[in-house]
Amino acid sequence: MLMSPSSIRVFLPLVALFGLTQATWAALQPAPPVDPQVDPAQVEFFEKRIRPVLADKCYKCHSSEATKVKGGLLLDTREGIRNGGDTGPAVVPGNAKESLLLKAIHWQDKDLRMPPEKDGGKLPDNVIADFEKWIAMGAPDPRGAGTKVARREMDLTKAKKLWTFQTPQAAPVPAVKDTAWPKSDVDRFLLAAQEAKGLHPVADADRPTLLRRVYFDLIGLPPTPAQIEAFVKDKSPYALAKVVDVLLASPQFGERWGRHWLDTARYAESTGKERNFTFPEAWRYRDWVIAAFNADKPYNQFIVEQIAGDLLPAKNAAEHDQNILATGFLAVGTKGLNEKNKEIFKMDVVDDQIDTTSRAVLGLTVACARCHDHKFDPIPTKDYYALAGIFRSTTTYYGTNGPGGAAKNRNASTLIALTPPAGTEKTAGAVKPPPPAAPATAATPPVATAALVPASPAPAPAAPATSPAAAAPAQVAEAQPQLPPMIANNPAMAERFAKLPPKKREQLLARFGKAGPQIGAAAPAPAPSAVAPAPAPEAVPSPAPASTITAPSLPAFIANDPEKAKKFAALPASRREAFLAKFANDGKPKFAGKQGAQTTPDAGETTGPKAMGVADGYVSDAAILIRGEVEGRGAVVPRGVVSVLTMGEAPAMPAKSSGRLELAQWLTAPENPLTARVMVNRVWQHLFGEGIVRTADNFGATGEEPTNAALLDTLALQFMRDSWSVKKLIRSLVLTRTYQLGGAPDARGAEIDPDNRLLWHASSRRLDAEAIRDAMLVASGKIDLRPLEGSVVAKTGDGYIGRGIRPETFTNVNATYRSVYLPIVRDFVPEALDIFDFAEPSLVVATRDVTNVPVQALYLLNNSFVREQASAMARHILAQPLSQTQRITLAYQTALSRLPTDAERARAEQYLIDEAAGLAAVIKGGKAEDAAALSWSTFCQALFASAEFRYLK
Amino acid sequence: MNERPYECRGVTPAALTRRELLRTVSAGFGWLAFKSLTTAASAAESRNPLAPKAPHFPARAKRVIFLCMQGGPAHMDTFDYKPKLTEDDGKPGVAKGGGSKLYGSPFKFEQRGQSGLWISELFPKVAEHADELCLLRGMNTDIPNHPQAFIQLHTGSAQFARPSMGAWALYGLGTANENLPGFVTISPPIQFGAQNYGSAFLPAVYQGTRLGAQRADVGSASISNMRNPELSTELQRKQIDLVQSMNRDLLATTANPEVEGVIESYELAFRMQAELPKVMDLSKESPATLASYGIGSGPAGEFGRQCLMARRFAEAGVRFIEVCHAGWDQHQQLQSKLTANCAATDQPIAALLTDLKARGLLEDTLVMWGGEFGRTPDGRRPDGRDHNAKGYTMWLAGGGVRGGLSYGGTDDYGYKAVEDPVHTHDLHATILALLGLDHEKLTYRYAGRDFRLTDVHGTVAKAIFT
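Going down the list, the protein sequences come from chains A and B.
Residue numbers for the first sequence follow our numbering, so the first one is 1 and each next one is one higher.
Residue numbers for the second sequence follow our numbering, so the first one is 1 and each next one is one higher.
See below:
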């Protein structure tokens, strides 16, 4: 009657072969053991040989009398001993192999040795033999069956009391004493908390400081001297709003904020782990993320597409392609290609998907429950395997099957074919991406309608005269109406531009027109009607009509041929599953790229563009694996979601598709207590330095409580009301008075709140690695703001890094494009990023480290890239017809976005004299101009090296 | 394979994240003054993350030199004497699929030193140090595949990105010489990834600094960004002075303690770029010393340079030094290739032990030798052995371990550890214990959980302590 785990495994696909339904198959699962007729002799055996040992050796920790029940296991009732604890049944009547109790008393397993050493250690051999005998005879047990429910169930009702697991609550805006200070409700929440502690905010930041802050925060680049000047001069109360709208509409916004998401999505372009193979198509997912932020794709939709894009209906092939690219989220994780056991490999991929999804979206570590119920958060193992069933029913396409060292790859996959761009015949690896579904031009500057947005100064979107986007060009375009401000405001660029042949200039200008507004560019004011209609949360795309999905069945050519069917049935389970995954549910081979196609095949040998991503595979529920080991198969758990986060009905899982779509909809449902809060908190963190919940990657019981819970909830609710618009959220936060505060604390405030938890001044923040590198390129005038098509990894193609592909290909890239486009290969991150605490790409990272270490100093002092940028900046400054003093001023403006003080000017002048004199003595030929040029170069480098360059005040 | 351990993701909660602490590399007067003005935070909290830290209990070793033999050296041909295997040479083996034959060691063993440890003729010079060696003959690990086992040997986990043991040691103890990297790895194999010396979720300040790579001449190895080709030291100092005056201005106006860290990082960097090339420069060593390591001519030259450099780093106060010799994967041609490997490493290792002892460093330097696993006593190919994770040998010397000791053992043939087994996790727990660190207390909070090098495992092999 009982089946060994291996026979169950073999059995599963057979059920599928005969087209049995979920219900019938559940009925075929081993039934709970029926109470054996207890024979008196057996009772005697139990009472004499077994019960005394249990009582003596085990009850201390495993009975209802125990002060603390260990491992959720009770051995003092029949039910308890058979149901077992966290790791599974202690005793399976008649089955020695499955009985964990026997394993424990045998001391076979280092981690499961009972009784423990301190309680007398291993039992004598004859006692162990008694237990074996007892289990072999069916574990007769006369003890009451129903005395106590032995299995410790997590108390979800109790667990739900933690703030994290409760739906966000609207809170009244608190009253403040200083009613003149706040510009928005966010300010009122914060000010009220400060006033309660006797604090008051410091003065506002000066204009250049504020502008530098907002440029780096929104687009990751510094403002040009001309932009600073324009902002300082603009006395309009809407000056900041205008800048913010221009920045939000620029394509650089997505490059900055998309990268924040890529940190949490553990984005990388190689497998990492022990055999590090390239992912030459990963960059398409990177670009999809950037485009999504630029288009202000509603965050709920952003999540749904990444988890279930392949299951969404699409209007056309291009949209379907975009939806597939989104699922790269699930495919770009680490892969242990050297794993011999296919099942372990598969469950590791599933684990990566559960871990990344739960941490990136929910800020919770669900993956703890792979091996045991979560120790701190109310997430039982069965929830993990409910999710595992969803991802196990999914096939992940990640490639690594190219010619580069396939012999060393035990787990190669393929890719998903995208629609080839019309009329193009390009080879894989160097293809031009299909145009993004929502190019940057579709970006919709958010409008000030939200209650949290500053009430007074924000211009009404419908009034063209004061519309920020319309007003901005008037400010910046005056100087050189023909040129995009990006060029006009950057002298080095303007110079280069002027030298271009007329045709090139025209082309360049034409591109600016098409590509949408650049930084500070003349963005046409979007008509209010152009604002993307906000889909109501319940309007999340619904699954395709049922008619497109049919029961998984055997392909006709096998089903109709008894010989083949027989051979097929004889294949190992994993091969049968892999084979079936190549066919749609109607038994026909899968195909892709067609309108509304629900499933996607592997790309095989096709040469068109390909993507990493997922598609539904063989749909089934997963079994709990005891302690996470594939050999330790336990009960099958229906596919489902995290119970503690489910308010009301849990979503029903479809029998014929994986359930990813239902999972994605559940994640982004307005009742989900975490998704909106976690995102709002991340945005807050990127703008203010620390999250309202400072443990941004951990909203569980071991995380910190929010510093202002009412504010967090209010923002989360507002975020959802604003159709999950990230741009609106950012806009509303940047336009608060709090964001505009000065950085220096006063002594009194420092006494009360030294850690600035109440945000009464701006916290100093170090720029991240990308911004530091990009800022040097801006200062040198060398930055190339065109998005990179592809990536160094795409050019390199498939292969095994370290064998045939040199790591230096990725760590030492000499490029002038933005840092977000540098290759991100696991274990071989470019030096410029690695040194400044780039997010470890094998891990989900919500908050990057900030360190100040000697290798950074050595990099800035000695690295050739840094020296080259300094030298280019110096050459540009020296080419201007300016006095030495004016040049120093320009250098400060270029590198630090501010004017130097008189003392600083004097110090710089002296330095330049001294250094030039010293250099003249040592450089070849000793020419004074060369010495002066080099001294200028070292001066510009010193500006890059200064703490001020990498900190926001 | 059945005992594949899934790493536990949840352990005990601890008090505070150390992130804020680690933001500043140094706690100079400005920071302290600011802190004392504003908060009662103890001075200890604002310490430099690399500053020497007190161990949990008195340490037996202050530093580690790990002689990593990548590929899986055959224990039954080197340090695990198996007379029964020799006796049964040619009998059927147990390898899956059948057809394997037991392969008695083609090398002679002899009892060496006062202690009478059995050591193979392949290591004549190391054998002279028999009474310093503590043979761990019951080693075992989980996975008999190079990449996974190698990474598990270094980080404890083959499955997840975790910090390497050197990073943990540096995190736990800080460094004795801030002018040098605290964790150095010389000539690591590239194809197994930087994770073997990475810091994963620990701050990057704890990651290993790589010098050279396998199959490259370590003599020409350098650390990047150590020199500005355009500026003399003097002129660069002027430039740094300008940077520092700007930094001090910023510190004065913003009171941002992290700026203090930046200031300190420049001073450290300036000293480091002066000191590191000196430590790596072997030219000041006497001809006798160079000859003792086999540097000059002969097969031991390359590894000799690595070992000598390791001694120089140890002497200079580096906390964790790894040197790597690859190519111990003898599926065939065992006799010739193993002989060659041992010829390339025997003299340098012996010289390192002699040298450390002569300088009084061996007593507090833990020297560790071994690979990611061992080899099978049987094989299907003539003159070859396959991977064996179930039993093998590593050895320790110096740093508070009992010399002349054979601890643990495998069965008669060397298939499996049967006596006092020491798993990779146990080895890690033991190394940390020798350094004065409790492997259960050395934790780091990441994603809401406290992680350890040993995950939920690890038993300290106390019996080997002096």
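Note that beta-carbon positions come from the ideal geometry of N, C-alpha and C, so glycine has one too.
Express the C-alpha separation of residue j and residue i in angstroms, rounding to a whole number.
i, j, result
"A:A55", "A:D76", "8 Å"
"A:E281", "A:R773", "25 Å"
"A:I128", "A:I105", "7 Å"
"B:Q330", "A:K273", "24 Å"
"A:E47", "A:R78", "13 Å"
"A:P552", "A:D621", "With a pLDDT of 43 at A:P552, under the threshold of 50, the modelled position of this residue cannot be trusted; read the value that follows with caution. Roughly 14 Å between the two C-alpha positions."
"A:T87", "A:L112", "10 Å"
"B:R380", "B:G98", "8 Å"
"A:V614", "A:Y397", "6 Å"
"A:Q301", "A:Q665", "9 Å"
"A:S725", "A:A676", "11 Å"
"A:L211", "B:F57", "52 Å"
"A:A815", "B:V401", "52 Å"
"A:T885", "A:F719", "49 Å"
"A:W163", "A:G703", "11 Å"
"A:H62", "B:N145", "39 Å"
"A:E929", "A:L882", "16 Å"
What is the C-beta distance between residue i and residue j, in whole angstroms, given that I count them as a contact (C-beta under 8 Å)?
i, j, result
"A:V825", "A:A230", "Actually they do not touch by this definition, with Cβ atoms about 41 Å apart."
"A:L912", "A:S935", "5 Å"
"A:V734", "A:V173", "That belief does not hold up - the Cβ atoms of A:V734 and A:V173 are roughly 19 Å apart, past 8 Å."
"B:L180", "B:G403", "Contact doesn't hold; Cβ gap of about 29 Å is too wide."
"A:T356", "A:G333", "6 Å"
Counting only the same chain and skipping the five closest in sequence on each side, list residues whose C-beta sits under 8 Å from that of residue i.
i, result
"B:L102", "L85, D88, D89, G90, K91, P92, G93, P377, D378, Y413"
"A:A288", "In the sequence as displayed, the identity of residue 288 of chain A is Trp instead of Ala. For A:W288, where only same-chain residues beyond five positions count, the Cβ hits under 8 Å are Q322, L325, A326, G328, P436."
"A:V630", "N341, E343, I344, M347"
"B:Q333", "D383, G384"
"A:G198", "I752"
Would you identify the three-state DSSP class for residue i, choosing helix, strand or coil?
i, result
"B:E110", "strand"
"A:Y892", "helix"
"A:G85", "strand"
"B:Q70", "strand"
"A:D774", "helix"
"B:N388", "strand"
"B:K91", "coil"
"B:G138", "strand"
"A:I692", "coil"
"A:A701", "coil"
"B:F183", "strand"
If I measure Cβ to Cβ from residue i and keep anything under 7 Å in the same chain, skipping five residues before and after, which residues do I get?
i, result
"A:N409", "R275, F277, L337, T400"
"A:A136", "G94, A96"
"A:G742", "V202, A203, D204, A205, H761, A762"
"B:T410", "D80, R137, G138, G391, K416, A417, V418"
"A:S791", "E269, W283, Y821, P823"
"A:V642", "V366, I379, D383"
Can you give me the Cβ contacts of residue i inside the same chain, cut-off strictly under 6 Å, excluding the 5 residues immediately before and after it?
i, result
"B:G174", "L50, A51, P52, K53"
"B:D355", "R311"
Self-check item: Runs of beta strand (DSSP E) wholly within the segment 284 to 334 of chain B (minimum 3 residues, chain order)
Solution: 320 to 326
Quiz item: Can you give, in chain order, each stretch of the beta strand (DSSP E) that sits fully within the segment 433 to 457 of chain B and has at least 3 residues?
Solution: 444 to 446, 449 to 451
Practice problem: Could you pull out every unbroken beta strand (DSSP E) segment of at least 3 residues lying fully inside the segment 348 to 423 of chain A, listed in chain order? | Solution: 394 to 397
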